[in-house]
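Chemist: One line per chain: the protein sequences are A, B, C and D, in this order. Here the first sequence stands for residues 761 to 1126, where the numbers follow my numbering. Here the second sequence stands for residues 761 to 1126, where the numbers follow my numbering. Here the third sequence stands for residues 761 to 1126, where the numbers follow my numbering. Here the fourth sequence stands for residues 761 to 1126, where the numbers follow my numbering. A virtual CB, placed ideally from N, CA and C, is assigned to each residue, including glycine.
Number of protein chains: 4
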Amino acid sequence: MSGSIYGNQFRISTWGESHGKGIGVVVDGCPSGLNLEESIIQRYLDRRKPGRTKYSTPRKESDMVEILSGTFENKTTGAPISMMVHNQNQHSGDYSDIASYYRPGHADYTFSEKYGFRDYRGGGRSSGRETIGRVAAGAIASGILNALGIHVMAYTKSIGDITINYNKCSKDNVMISPLYMPDLDASSLAEDYLLNIMKEQDSVGGVIECIVTGMPAGVGDPTFEKLDANLAKAITSIGAVKGVEIGEGFGAANLLGSMNNDTWQYDNNRNLSKRSNHAGGILGGISDGSEIILRAAIKPTPSIGKTQETVNNQKENIQINVKGRHDPIIVPRAVVVVESMVAITLVDMLFANMTSRMDKIIEFYK
Amino acid sequence: MSGSIYGNQFRISTWGESHGKGIGVVVDGCPSGLNLEESIIQRYLDRRKPGRTKYSTPRKESDMVEILSGTFENKTTGAPISMMVHNQNQHSGDYSDIASYYRPGHADYTFSEKYGFRDYRGGGRSSGRETIGRVAAGAIASGILNALGIHVMAYTKSIGDITINYNKCSKDNVMISPLYMPDLDASSLAEDYLLNIMKEQDSVGGVIECIVTGMPAGVGDPTFEKLDANLAKAITSIGAVKGVEIGEGFGAANLLGSMNNDTWQYDNNRNLSKRSNHAGGILGGISDGSEIILRAAIKPTPSIGKTQETVNNQKENIQINVKGRHDPIIVPRAVVVVESMVAITLVDMLFANMTSRMDKIIEFYK
Amino acid sequence: MSGSIYGNQFRISTWGESHGKGIGVVVDGCPSGLNLEESIIQRYLDRRKPGRTKYSTPRKESDMVEILSGTFENKTTGAPISMMVHNQNQHSGDYSDIASYYRPGHADYTFSEKYGFRDYRGGGRSSGRETIGRVAAGAIASGILNALGIHVMAYTKSIGDITINYNKCSKDNVMISPLYMPDLDASSLAEDYLLNIMKEQDSVGGVIECIVTGMPAGVGDPTFEKLDANLAKAITSIGAVKGVEIGEGFGAANLLGSMNNDTWQYDNNRNLSKRSNHAGGILGGISDGSEIILRAAIKPTPSIGKTQETVNNQKENIQINVKGRHDPIIVPRAVVVVESMVAITLVDMLFANMTSRMDKIIEFYK
Amino acid sequence: MSGSIYGNQFRISTWGESHGKGIGVVVDGCPSGLNLEESIIQRYLDRRKPGRTKYSTPRKESDMVEILSGTFENKTTGAPISMMVHNQNQHSGDYSDIASYYRPGHADYTFSEKYGFRDYRGGGRSSGRETIGRVAAGAIASGILNALGIHVMAYTKSIGDITINYNKCSKDNVMISPLYMPDLDASSLAEDYLLNIMKEQDSVGGVIECIVTGMPAGVGDPTFEKLDANLAKAITSIGAVKGVEIGEGFGAANLLGSMNNDTWQYDNNRNLSKRSNHAGGILGGISDGSEIILRAAIKPTPSIGKTQETVNNQKENIQINVKGRHDPIIVPRAVVVVESMVAITLVDMLFANMTSRMDKIIEFYK
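1) Taking HIS866 of chain B as the query, report the chain A residues whose CB atoms sit under 9 Å from its CB, ordered along the chain.
2) CB-CB under 6 Å to SER842 of chain C, same chain, minus the five flanking residues each way: which ones, in chain order?
3) Closer than 8 Å by beta-carbon distance: list the chain B residues that pair up with PHE1124 of chain D, in chain order.
4) What is the DSSP secondary structure of GLU1099 of chain D, counted as helix, strand or coil?
5) GLN1074 of chain D: which of D:TYR862, D:ASP945, D:SER799 and D:ARG812 sits nearest, CA to CA?
6) Can the beta-carbon of LEU939 of chain B be found closer than 8 Å to that of ILE919 of chain B?
7) If contact means a Cβ-Cβ distance below 7 Å, which residues of the segment 968-998 of chain B contact chain A?
8) Excluding the 5 residues flanking LYS1002 of chain D on each side, which residues of the same chain have their C-beta closer than 6 Å to its C-beta?
9) Consult DSSP for GLY882 of chain B and reduce its assignment to one of helix, strand or coil.
10) Strictly below 9 Å CB to CB, what residues from chain C border GLU777 of chain B?
11) Once DSSP output is grouped into helix, strand and coil, what is the label at THR983 of chain C?
12) For a contact meaning CB atoms closer than 8 Å, what does ILE765 of chain D contact in chain A?
13) Please list, in chain order, all residues of the same chain as GLY1065 of chain B whose beta carbon is under 6 Å from its beta carbon, the five residues on each side excluded.
14) Let me know the secondary structure DSSP gives GLU777 of chain C once reduced to three states.
15) Could you tell me whether any Cβ in chain B is nearer than 8 Å to the Cβ of ARG863 of chain D?
16) Entirely within the segment 932-986 of chain D and at least 3 residues each: give me those beta strand (DSSP E) ranges in chain order.
17) If you reduce the DSSP assignment to three classes, tell me which class ASN795 of chain A lands in.
18) Suppose the cutoff is 8 Å on Cβ atoms and the five residues either side in sequence are ignored; what does the same chain contact list for ILE1078 of chain A look like?
19) So what's PHE871 of chain B in DSSP terms, helix, strand or just coil?
20) Looking at C-alpha atoms only, which residue of A:SER856, A:TYR1125, A:PHE1111 and A:ILE1104 is the closest neighbour of PHE984 of chain B?
21) Taking MET761 of chain C as the reference, give the member of B:GLU777, B:MET761, B:GLN769 and B:THR996 with the closest Cα.
22) Check whether the Cβ of ASP1108 of chain D sits closer than 7 Å to any heavy atom of the ligand ADP, and report yes or no.
23) Please report whether the beta-carbon of LYS1083 of chain A lies at a distance below 8 Å from any beta-carbon of chain B.
24) I'd like the span of the alpha helix (DSSP H) that includes GLU1123 of chain A, first residue to last.
25) Put PHE832 of chain B into one of helix, strand or coil per three-state DSSP.
26) Of all the options B:MET935, B:VAL964 and B:GLU797, which has the alpha carbon lying nearest to the alpha carbon of ARG808 of chain B?
27) Quick one: which unbroken beta strand (DSSP E) runs of 3-plus residues sit fully inside the segment 976-1064 of chain D? Chain order, please.
28) Can you give the Cα-Cα distance for ILE765 of chain D and ARG771 of chain D, rounded to whole angstroms?
29) Just to confirm, is the Cβ distance from MET1109 of chain C to VAL979 of chain C under 8 Å?
30) For GLY1009 of chain B, return the contacting residues in chain A, with the cut-off set at a CB-CB distance below 7 Å.
31) Between C:ARG1117, C:ILE1121 and C:PHE1124, which lies nearest to TYR875 of chain D when the distance is taken from Cα to Cα?
32) Near HIS1038 of chain B, which residues of its chain fall below 6 Å by C-beta distance, leaving aside the five closest residues on each side in sequence?
33) Say whether chain C places a C-beta atom closer than 8 Å to the C-beta of ARG1117 of chain A.
34) Is it buried or exposed, ASN990 of chain C, if we count other Cβ atoms within 10 angstroms and call 16 or more buried?
35) Out of curiosity, what's the CA-to-CA distance linking LEU805 of chain A and ALA896 of chain A?
36) Suppose you measure from the CA of VAL1091 of chain D to the CA of PHE1010 of chain C; what does that come to, to the nearest Å?
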């Protein structure tokens, strides 16, 4: 099964395991003429780096990206862009335990069933480090979107049951909060909460929200390639995501049609808008020109220090404590991964959309 | 944009508008030797037919399917299977109003933006009738799954805030309840509620739940083609779906790792199982052999009789009442559509999975 | 295996067997706003119809096309276009012989091996009637190309060893010659030759040449999706094609670089051109703005009346005479099929090409 | 346009330019459990290395491959396999000339038209070095085929008009001849001829033939994904290929049906075979169990020292001599590239074929 390639016209191919030589991605279908150098990519990668705060694994990984192809004089050429981050902590001696049992909540068992055996070092391909390739590609996708006036921003909406209060939120706070929460009060409560969770050698989940501004109307397809369907796949393809919703989301299931419908209006200058945005910017699978809003539910980190039941390869029931210090929460480091997957998907859909009207195709080739 | 084709190895291509000559689908990649005749397909189609209960549009459409190709002596041959349902109510005279304005909650505006104009008769391609093709294909996919011992069952979990009580549920109830609810008390409450909603010319949303039994472990891909990612796309590609979740779903965001992790155990006969199923049958994007559980949030029908604000093509703000009698809820008729999209996706993933191990490929070609 | 779908952005899905209810195609990804009615498609289909001349099977099939979806007021809407031709001679009683043996040169054996059994009526899916779907889709693709100033024309270059003389050719002759040969002297020689072949209950092959004018420079990809690579697949996917060449083709294998290289020049008005066109309009997989030239080698019709050796399903060696009157040559009826596959491929490549430059994407979305 | 990815289930993604940091490929969809180490890949790469004989460019490139991911203890894990060859001669100072004009027979003009500018250093992405990625992936594909008893062998059939005599050919000769010709007399004639060509600062073309043994019957699809159609694309996607033919190829255009049809026979042990193989092992797009035979026409190297006409970026007509010492012929170094593309395509088709019969799918999942 060929499942490490994503997208159609703008296509990324990721590779690498946590304990191999490195992690990388090839971006194929990036148009020529986009400004690109390593520092642009690095800014995105730094947001998912471990060891940035006390709420993430203290492993030190510099995760410096190298661009191996596809640019000439700091511009993309239209050729595939290969990028790589070398792994630094490759000592795989510590993983003999993991080799002999299935960690609860991890993909140990399912990998063994699928492939007949598994690379047990640090989770192998199912490691969170796999997202390095997504984020490097996401940085390029974001560059394309920005050139078109489109901006994607994700942030932490909740950690456990601590949720942001929109009245206290500001965009600038996102980068100030060590947890990427736009409400600094909630952020500070969550920090305390996480310290407690860590003390108990446990972990917790949360919700990431993502907003897209500047999206033109008319992008997406009415049937299978709906904009929201592709975003749902993009988000759910991130490890640990257990749910995704657009606009009103699960809340819409409880609403009446008269409340959930967004009504149209012209203002005095004959500009069209919607009076509300329950739809989250997508109607019938196609962008409607308002903000796109979506949310991802992230499960708690499965690696916990607390004693857990499981089985070993002698077919015995055993008890384990997963060693090492792991993130008590995946959410903050996953924020930039959500942004990346959304950006990559939007670029792909914007590209696909260019052939929807004959008059525009004629104009293009004139 | 080529968006009416879904799947990779098992691929469906749907076509048709609500007021054209008919609705159809071509299924490409169905293996040879599967029993297939029209009555098998018809059973699935009858579950989404309008006019079946008083809670759906009273339009009478017999929706009889015709198989046009791909079978020989009631077995599939490996050639593409073309199926068609002829439309019967094609009088498009009634749609002059809709042509001149954008209905709130509908895709009228987004279609116009994408294509430059739109086929306004009954929603054209964005009509719920488009799902006929999905269900006809889903019937074939279900036949393949059943031959492999896999069964997909969806049902209504909630309507507005009326939710089933699992203690009162039975599988048999699903087909008894006119709303496909496995808890008949909840079903009866919901029926009363819907009559009220209809009186107020309003509509309401709900939640569909879907269970897959018999799924072998090891199916799905660890990266982009995760089983849950593909299911999320499949479900969200159904019109009116605003959210999807797997297993614990959004609830997982509030859980501790020690609670959310499913622990493994061997019983006395050395059979492996999980003590719980918060994961919903999928770990790291790959099936773990337990039941797959997912849910879809369905928004209220956007077509309501109540007066609504909107705009017309003279750029005026106007008030409208959407004419005709529409379903007060989409949920019950969408149950079989969810089942169909899940079945199609599982077949595609099972097929993709056949090349994951060299030893099994050698065995296959021996 | 899902092999009846072709293309990426402009995608066709064909279905149907020679003795089923009909033959059809769904075109997905056709832009909105293209003029389309049945008469446009019919003109293309009539060129491949049997019984048009004495050099093709006298079976009478009217092959009238019906458009089932995707148009509104004679314009495409952007929705999938479903088209169907009903079969008229479906009496399958005559095929009991064929069911019991493998016809030489046919796909009887390979179908049985692939699918475990086969629909033996008239070749089933491997019948030449399968090309009806290609030609109907090709008519739409040609409409798109024409709107962009691009024209595809194929014709018979040779039949057996009777080859056209370019000095005697004219474009108008193609439609005058019953064999679609642009040199009427060669056409008349070939007609006599074919009458002879028919008398001997034999068949013969030939070569089709195809010219594309008006193709803009810069279309195609430098690596796997080369314009010529896709054209080679498109052409070779037509039954009976055993070779394909571009420009100088196999002749280039004997040439020196100094002769095969086309040199560039500016004329007095600073217009760029090539002094020759050995490349056939494609350099490095990308169109160079000059005429695209390609050729297809077509094998002789495998169905012949002459006595042939073969085997039956009793594992006996037997002798057979394939019954019925078959075309003594496939070439003339395949001319429009070549044109169609080239047109479909060019549309797909033109669409893919729209995202190659960032400046043009920004311009598009401004 | 995303054109550097090839295949469906077994998928390769190549990257790199002749004067960037290196050349690489990611192989996605390789099954787990295949033996793989660098020395296996290196054997294939060494066959396309420059400087191996006096008939190729004397540039010294060691082209040592490094496997970066996808293996564990010298076995593939099912994860993507990333491989890289570092470039060694990256001094791009010499290419100032090329930047200012279009070399005849090269993709200089078409790249500029497509992308707006080009990486002119050594041809950039259109360099022959791009095939390193194909050959590295081809080595893996060949490993899979060999495990299934399938073997692909290509060789030089002709250089200019010097053609091998099948009576003098032996498989072992292929690796003895510096030109990979299985007839050593023809090889020695061709060597003399090439020395002459080099003296005249010219180049010449040739034909590569490829034989596949051990291919099971029943692989390929009857419609668009014909085995021969995919092979034709695979071969034509190699730079410099101008034609491809299967079995009798263009010769079939001159044959009568009674001669071109291969007749079936059972021998005394009831083993089925064909009395001839004009079809080249493929009937109706599906393998028939006999040898697959195909040929590729390769044009002369466009880089020649002889004076040529062209134009510069001042829109002037000029004369140039392409500097450096270039291969006088591409054919011998392309032999392993043809083998690689055939192997990759066969693996992809074998994988796709696994879902053609319901009984075999049930058997697989039992």
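Modeler: With the structure as the only source:
1) Listed along chain A, the residues sitting closer than 9 Å to HIS866 of chain B by beta-carbon distance are ASN1021, LEU1043 and GLY1044.
2) In its chain, beyond the 5 residues on either side, VAL786, LEU828 and SER829 have a beta carbon closer than 6 Å to the beta carbon of SER842 of chain C.
3) PHE1124 of chain D reaches chain B at MET1114, LYS1120 and PHE1124, counting residues in chain order whose Cβ is nearer than 8 Å.
4) Three-state result, GLU1099 of chain D: helix.
5) Closest by alpha carbon: D:TYR862.
6) Yes, the Cβ-Cβ distance between LEU939 of chain B and ILE919 of chain B is below 8 Å.
7) Per Cβ criterion, the list reads ALA977, GLY978, ASP981, PRO982, THR983, PHE984, GLU985, LYS986, ASP988, ALA989, ASN990, ALA992, LYS993, THR996 and SER997.
8) Cβ within range, chain order: ALA1057 and LYS1059.
9) In the displayed model, GLY882 of chain B falls within a helix according to three-state DSSP.
10) Contact annotation for GLU777 of chain B against chain C: SER829, GLY830, PHE832, THR837 and ALA839 [CB-CB distance below 9 Å, chain order].
11) Three-state result, THR983 of chain C: coil.
12) Listed along the chain, the chain A residues whose CB falls inside 8 Å of the CB of ILE765 of chain D are ILE765, ARG771, SER773 and ASP788.
13) Excluding positions up to five away in sequence, the list reads GLN961 and ASN1081.
14) Of the three classes helix, strand and coil, the one that applies to GLU777 of chain C here is coil, per DSSP.
15) Look at ARG863 of chain D: its C-beta is not under 8 Å from any C-beta on chain B.
16) Runs of the beta strand (DSSP E) inside the segment 932-986 of chain D: 966-973.
17) If DSSP states are grouped into helix, strand and coil, ASN795 of chain A belongs with the strands.
18) Sequence-distant Cβ neighbours of ILE1078 of chain A in its own chain, meaning closer than 8 Å and more than five residues away, are TYR861, GLU1069, THR1070, VAL1071 and ASN1072.
19) Here PHE871 of chain B sits in helix by DSSP.
20) Nearest of A:SER856, A:TYR1125, A:PHE1111 and A:ILE1104 to PHE984 of chain B, Cα basis: A:ILE1104.
21) Put simply, of B:GLU777, B:MET761, B:GLN769 and B:THR996 the residue whose alpha carbon is nearest the alpha carbon of MET761 of chain C is B:GLN769.
22) The ligand ADP is not among the ligands present in this structure, which contains no ligands whatsoever.
23) Taking Cβ atoms only, chain B never reaches closer than 8 Å to LYS1083 of chain A, which makes this a no.
24) Counting along the chain, GLU1123 of chain A sits inside the alpha helix (DSSP H) bounded by residues 1118-1125.
25) In this structure, PHE832 of chain B counts as strand in the three-state DSSP scheme.
26) Among B:MET935, B:VAL964 and B:GLU797, the Cα nearest to that of ARG808 of chain B belongs to B:MET935.
27) Fully enclosed beta strand (DSSP E) runs of no fewer than 3 residues occupy 1001-1006, 1024-1026, 1032-1034 and 1052-1058 of the segment 976-1064 of chain D, in order along the chain.
28) Taking the straight line from one Cα to the other gives about 7 Å.
29) Judged by beta-carbon spacing, VAL979 of chain C lies within the 8 Å limit of MET1109 of chain C, meaning their Cβ atoms are closer than that value.
30) Chain order gives the chain A residues near GLY1009 of chain B as LYS1002, GLY1003 and ALA1057, where near means a beta carbon separation below 7 Å.
31) Answer by Cα proximity: C:ARG1117.
32) Answer for HIS1038 of chain B: GLY1007, GLU1008, ASN1020 and ASP1022, listed in chain order.
33) Yes, contact with chain C.
34) ASN990 of chain C is buried by the Cβ-count criterion.
35) Looking at the two C-alpha atoms, the distance is approximately 7 Å.
36) In a straight line, the C-alpha of VAL1091 of chain D is about 13 Å away from that of PHE1010 of chain C.
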